[in-house]
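Per the UniProt record's numbering: the sequence shown = residues 1 to 151.
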Amino acid sequence: MVVVEAYKVLRDRAPYPPDQVIRDLEGKFAFILFDAKGGTLFTARDRDGSINLHWGMAGDGSLVCSDNPKIITEACGKACAPFPPGCIFMNGSGLMSFDHPLHKVRAIAREDDDGSISAIIFQVDLLTRLPSIPRTGSAANWAGAAVVNEE
């Protein structure tokens, strides 16, 4: 129930960043929440990856999520992976780390000896920052100001 309330905060108090909603959760968790009215998928997994959560892409291109890896493997074949710990996914904004929201999460493919992809892991790229809100100094804020002389 806490997750539903956290999602309501995110949905109703936009533009409240999703990483701030989830970052303060403690303990073991993994969830998949679908808002049918808004068509929003909201998925997250705790920092330690304590709870099973897997995802993949089915042959028809649809996203498949489950806590049962067997279901994901049957539906997606090799196009599946464990959902990355410490991350959230929203269908409107993609995958992001809730501890490092300004850094990209990269998918890294592992290959077999024969060159076929055997696994995909996700890693936060701490060297690449995503663009954030542009910052301007006070000089820029006052650049267009007019001086008014009072008599």
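Every residue gets a Cβ at the ideal spot worked out from N, C-alpha and C, and that includes glycine.
Residue-level contact to chain C via CB, residue i, 8 Å cutoff
i: T43; result: Protein chain content of the structure displayed is limited to a single chain, and chain C is not contained in it.
For residue i, the three-state DSSP class (helix, strand or coil)
i: residue 220; result: Nothing in the structure corresponds to residue 220, since the chain is present only between 1 and 151.
i: E111; result: strand
i: K28; result: coil
i: L10; result: helix
Own chain partners of residue i with C-beta closer than 8 Å, once the 5 adjacent residues on each side are dropped
i: Y7; result: V21, L33, D35, F42
i: D125; result: H103, K104, V105, R106
i: residue 163; result: Nothing can be reported for residue 163, as the shown portion of the chain is limited to 1 through 151.
Sequence-distant residues of its chain with Cβ nearer than 6 Å to residue i (five each side left out)
i: I121; result: I108
i: S50; result: K28
i: T128; result: K104
i: P69; result: H54
8 Å Cβ cutoff met for residue i and residue j
i: D24; j: I88; result: no
i: R83; j: R45; result: One point to set straight first is that residue 83 is Phe, not Arg, in the sequence displayed. Going by C-beta atoms, F83 is nearer than 8 Å to R45.
i: G56; j: A30; result: no
i: G115; j: S97; result: no
i: P17; j: P101; result: yes
i: D67; j: N91; result: no
Boundaries (first-last residue) of the alpha helix (DSSP H) holding residue i
i: D19; result: 18–23
Sequence-distant residues of its chain with Cβ nearer than 7 Å to residue i (five each side left out)
i: K78; result: I117
First through last residue of the beta strand (DSSP E) which encompasses residue i
i: G38; result: Looking at the DSSP string, G38 is not in any beta strand (DSSP E), and its letter there is neither H nor E.
i: S97; result: 94–97
Item checked: Ordered list of alpha helix (DSSP H) runs contained in the segment 48–91, each at least 4 residues -> Taking only runs of at least 4 residues, the alpha helix (DSSP H) segments lying wholly in the segment 48–91 are 69–76.
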